[in-house]
Structure formats: C-alpha cells, structure tokens
Amino acid sequence: MSKDEMIALKLVELHKTYVLGDSEVHALSGINLEIKSGEFVVIMGPSGSGKSTLLNVIAGLEPPTRGNVFIFGEDIHSLGDEKASIIRRHELGFVFQFYNLHSTLTAMENVELPMLLAGVKRDQREKRALELLQLVQMDHRAHHYPHEMSGGEQQRIAIARALANDPKILLGDEPTGDLDTVNGRKIKDLLVYLNVVHDKTIVIVTHDPEIFEPFMRILRMEDGRIVEDNKPTESSPSQEEITLDFTDNRKT
Ligand SMILES: Nc1ncnc2c1ncn2[C@@H]1O[C@H](COP(=O)(O)OP(=O)(O)OP(=O)(O)O)[C@@H](O)[C@H]1O
Ligand SMILES: [Mg+2]
C-alpha cells in the first residue's frame, strides 16, 4: 500500500452523549469517517453541531460514549491509557482557536513544553524549538512572551508547539477564528504549507470561508452527524507552488 493510501484516522460509529440532569445531548450521533494520510480536511456546520466534540474525542480530550477511534490503524480506546497517550503525543498535534500559550513562558519555552513532557533532552529540545520557530518564521521572537506578540504571531507559536513532537496529524479547532482576515490568511497559508511541503494530515474546524481551496475535502456536520462529504475537486498544489512569506510581520 502506498503512503498516500494509508488511513491516518478512522472513526467507527462514534457517539458522544452528554447527560445533563434528566436530559441528554447527543453531541455525536454515529460518526463514520476515514481520513487518508496527507488529506486536508475542513469541517464546517452550524454552532452546536458537534464539531469541537468530534475533534476533542479524536484528540483524547474526552472519551466517546461508544465507538472507535483508529489512529494509523491503532484502536486508541482499546489500548491502555499510557499507550494511548504515547500514540496521541506522537501522532497528533492540536491547535485551538485561542492560542492557549502559557503566559509566563517565552515563545521558545512554549514550543519546548511538549518535548519536555515527552522526555526530550534539553539540547535537542532547544535545537528543535528553534527549528520550529524558524519554520513558522517567528525565531526573531524566540525570547518574547505571548503578551508581546500579535494574535497571528501567537497562533504561529501555537502551531510550532503543536508540531513539537513531529505529529503526522494536525487538528485545529477554528485556528483562524480569533484573527483578522490578513492574519487568518497567513495561518491558512502555513497550514497549507505544512500539508503540502511537510506532508501533515490536516483536520480543521472552521466557519471561515477564506480557508476553502479546491484541493481540500469539506465535511459538513449537522446534529452530531456528517451530512455532506465533498471530496476535493482539484489535486493539491505542488511543493514549488507553495511559498511562505510573513516578512511584513518581521518589522519590529
Ligand atoms: N461539556 C459539555 N456538557 C454538556 N453538553 C455539551 C458539552 N460540550 C458540548 N456540549 C453540547 O454538545 C453539542 C455539540 O457541541 P460542540 O461544542 O461540539 O459544537 P460545535 O459544532 O463545536 O459548535 P460551535 O460552532 O459553536 O463551536 C452542543 O449542543 C453542546 O451544547
Ligand atoms: Mg466548537
């Protein structure tokens, strides 16, 4: 099987029910989905349709009520907690709408944190953190704190942090949701770059129509179900067509 055919994520009859007193909320009502390695998947749908719940269950932030999540073929909930968290840590990176950086840590320390938790030695951690900051073109801000950076810059740090352990899959819950159009576009460009040049499988939730490109697969959720699955209408751009330029952000 070629790498392109590998299934990065597979969801089988995934349900999530929240019980609130006497009432039940069916946030996920039987999700079945396969995402191939290298796909760029955009999930949209009305507020309350279960988009964040879906990402949170995939990321292991919440357990499903029933159903299975396979990450590169591993049935994640059938493994023990320890094994499951090792797989998640190595295969998944997560970017939220609000950058969620630690305010008391510098950009560099924020990016190092997941590596610290994974037991990576200091030298290696610092080297990798710097490489990632270069990748998102924020190395000139390595020793700055989050409050000294713009929203778009903080989000680039959050993406660098999500890449710390070199995951193959990047999940994003409205990663441009809190940004203006210009900065939102730059985050989108970065995600496309990571998809095309670094071969990351990308799954993001968004309300932002600026994100859509014909090479993306667009899913629509309603009432905890996937009601539309629009396959890409064009193939991905080639690596040569992708350039990243944040230069106007580098003026200090
Ligand atoms: N912790 C919780 N306890 C109870 N109900 C919850 C919880 N989290 C989510 N829900 C409910 O589950 C449903 C799906 O919520 P979810 O946050 O996944 O929606 P969403 O599609 O991400 O919406 P939005 O676009 O507004 O972010 C909603 O009805 C919500 O109220
Ligand atoms: Mg949400």
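Here my numbering is used: the first residue of the sequence shown is 12, the next is one more, and so on. Glycine included, every Cβ here is placed at the ideal spot set by N, Cα and C.
Contacting residues, own chain, Cβ-Cβ under 7 Å from residue i (five flanking each side not counted)
i: Asn67; result: Glu73
For residue i, the three-state DSSP class (helix, strand or coil)
i: Val208; result: coil
i: Asn121; result: helix
i: Phe257; result: coil
i: Ile18; result: strand
i: Thr76; result: coil
i: Ser40; result: strand
i: His154; result: coil
i: Leu31; result: strand
i: Asp200; result: helix
i: Ile213; result: strand
Extent of the continuous beta strand (DSSP E) to which residue i belongs
i: Arg236; result: Arg236 to Asn241
i: Asp184; result: Ile180 to Asp184
i: Ile233; result: It should be noted that the sequence gives Glu, not Ile, for residue 233. Unbroken beta strand (DSSP E) run through Glu233: Arg228 to Glu233.
i: Ile87; result: Unbroken run through Ile87: none, as it is neither H nor E.
Proximal residues to residue i (C-beta, below 8 Å), its chain only, five neighbours per side dropped
i: Ala95; result: Gly71, Ile87 and His88
Unbroken alpha helix (DSSP H) run spanning residue i, endpoints
i: Gly162; result: Gly162 to Ala173
i: Arg133; result: Arg133 to Leu146
i: Leu103; result: Counting along the chain, Leu103 falls outside any alpha helix (DSSP H), though it belongs to the beta strand (DSSP E) covering Leu103 to Val106.
Cβ neighbours of residue i in the same chain (closer than 6 Å, five flanking residues each side left out)
i: Gly61; result: Ala38, Leu39, Met232 and Gly235
i: Leu202; result: Ile213
i: Gly183; result: Val106 and Ile215
i: Ser247; result: Val207 and Phe226
i: Lys21; result: Glu45 and Phe81
Handout entry: At least three beta-carbon pairs within less than 8 Å, the stretch 146-161 to the stretch 72-87
Key = Touching, no, given that fewer than three Cβ pairs across the two stretches are closer than 8 Å.
Handout entry: Sequence-ordered residues whose beta carbon comes within less than 5 Å of a heavy atom of ligand 1
Key = Selection output, chain order preserved: Tyr29, Val36, Ala38, Ser58, Gly59, Ser60, Gly61, Lys62, Ser63 and Thr64.
Problem - the stretch 112-132 in contact with the stretch 226-234 per 3-pair CB rule at 8 Å - result: Judged by Cβ distances under 8 Å, the stretch 112-132 makes no contact with the stretch 226-234, as fewer than three pairs qualify.
Exercise for the section: Kindly confirm or deny that the stretch 18-26 and the stretch 216-225 touch, where touching means at least three C-beta pairs closer than 8 Å. Expected result: Between the stretch 18-26 and the stretch 216-225, the count of C-beta pairs closer than 8 Å stays below three; the two stretches do not touch.
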